[in-house]
Amino acid sequence: MRIDIVARPASQEDPNEDYAAVVLADGGVAVVLDGVTPPADGDTGCAHDVPWFTARLGGALVELAGSRREWDLAACLSEAITRTAAAHGPGCDLSHKRTPQATAALLRWDEERVEHLVLSDAAILLGGKDGTITPVLDTRLTVLRLRPDLRALRERVKALAPGTAESEAAVHAYVGAVTALRNAEGGFFTVAADPDVAGRAVTGLTPRADVTDAAALTDGATRWTEVFGLGDFPALLSLVREEGLNTLLAQVRASEHADPEGEEFPRGKRHDDVAGVYVEL
Ligand SMILES: [Zn+2]
């Protein structure tokens with residue numbers, strides 16, 4: 237068995253909002269979380285920052301997924317959300333749209349099977365014995381971004397010169413439209429304070445005998461494929477398999493530096509946190 241793990245903030249000045257963990261015991265568990273960056277005005281309705289949230293959620297997930305083998309991963313996630321919500325203080329407004337939250341990719345395996353769970357824009361790649369590589373994605377946000385009204389708002393932001401009042405109003409309108417879809421029916425879902433969101437995750441299981449290896453990655457890592465087009469998902473898993481997660485990280489950073497303003501490869505942030513776990517079973 238080979239394990240590779242990485243969690244690196246976007247830059248040295250930024251807090252690491254990602255979380256990555258692996259435990260090996262009666263099989264194993266991998267937990268990868270991507271804490272959602274708070275809004276520019278810092279209004280989250282909460283006294284706690286994102287690393288506080290991901291550390292508690294991740295710790296609960298490791299413990300529950302590792303010790304509660306009779307629960308499926310969605311049940312483990314639901315309980316981990318409940319525990320983390322209870323750790324907030326009375327002054328924290330957990331109904332706030334931007335309460336600390338994260339995207340999640342979980343793997344759990346034993347002698348019999350490999351289970352996976354993905355919520356929001358994290359990803360899992362499963363390597364098959366037959367040579368196939370299967371990406372597991374929650375595509376809700378990707379599909380929403382293509383919706384004509386959101387596209388029009390985004391185009392308007394791009395068309396206006398930054399720094400003007402008009403541009404700021406356009407950014408405000410776009411951010412407001414996306415925020416309204418966050419953890420709302422018909423929108424997209426992240427791990428925040430509502431345990432029911434676990435039921436929205438993309439889950440499944442594969443016989444262990446059919447899986448050679450697997451990776452759980454945040455969107456900072458999958459931008460190798462999804463933003464920079466350096467290869468498809470099978471190529472991404474092949475790279476990690478052969479050269480490791482640090483090579484993936486280095487290639488992502490090189491692409492980001494080569495296009496710092498996102499002119500060729502438009503993206504929300506110049507650099508993003510990168511977290512991932514690779515497991516050769
Ligand atoms: Zn709080």
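Residue numbering for the sequence shown is 237 to 517, as defined by our numbering. Positions of the beta carbon are idealized from the N, C-alpha and C atoms, including for glycine.
- Under the DSSP assignment, ALA450 falls in the beta strand (DSSP E) whose first and last residues are 447-453.
- In this structure, the C-beta of CYS312 stays at least 8 Å away from each heavy atom of ligand 1.
- Using a 10 angstroms sphere on the CB of SER247, the tally of other CB atoms stays under 16, which defines it as exposed.
- Within the same chain, THR280, VAL286 and ARG334 come within 7 Å of PRO274 by CB-CB distance, once the 5 residues on both sides are set aside.
- Look at HIS352: its beta carbon is at least 8 Å from all of the heavy atoms in ligand 1.
- By the CB criterion at 9 Å, THR454 and THR375 fall outside the cutoff.
- The C-alpha of SER303 lies about 21 Å from the C-alpha of TYR514.
- The beta carbon of THR458 sits closer than 6 Å to those of ALA359, all from its chain and outside the five residues before and after it, given in chain order.
- Secondary structure remark: continuous alpha helix (DSSP H) runs of at least 4 residues inside the region 437-504, in chain order: 455-462, 469-479 and 481-494.
- At a Cβ-Cβ threshold of 9 Å, LEU417 and VAL242 do not count as neighbours.
- GLY435 carries a helical assignment under DSSP once its states are collapsed to helix, strand and coil.
- Secondary structure note for THR290: it is in no beta strand (DSSP E), and the uninterrupted alpha helix (DSSP H) holding it is 286-303.
- Listed by position in the chain, the residues whose beta carbon lies within less than 7 Å of some heavy atom of ligand 1 are CYS282, ALA283, HIS284, HIS324, GLY325, CYS328 and PRO336.
- In the assembly as shown, ARG381 is an exposed residue. Its beta-carbon has fewer than 16 other beta-carbons within 10 Å.
- Beta-bridge annotation (DSSP): PHE425 is not paired with any residue.
- Two segments are said to touch when three or more pairs of C-beta atoms, one from each, lie closer than 8 Å; by this definition the region 440-453 touches the region 340-350.
- Closest in alpha carbon position to PRO251, among TRP288, VAL267 and VAL265, is TRP288.
- About 6 Å separates the beta carbons of TRP345 and GLY264, which is inside the 8 Å limit, making them a contact pair.
- In this structure, LEU473 keeps its C-beta atom at 9 Å or more from the C-beta atom of LEU343.
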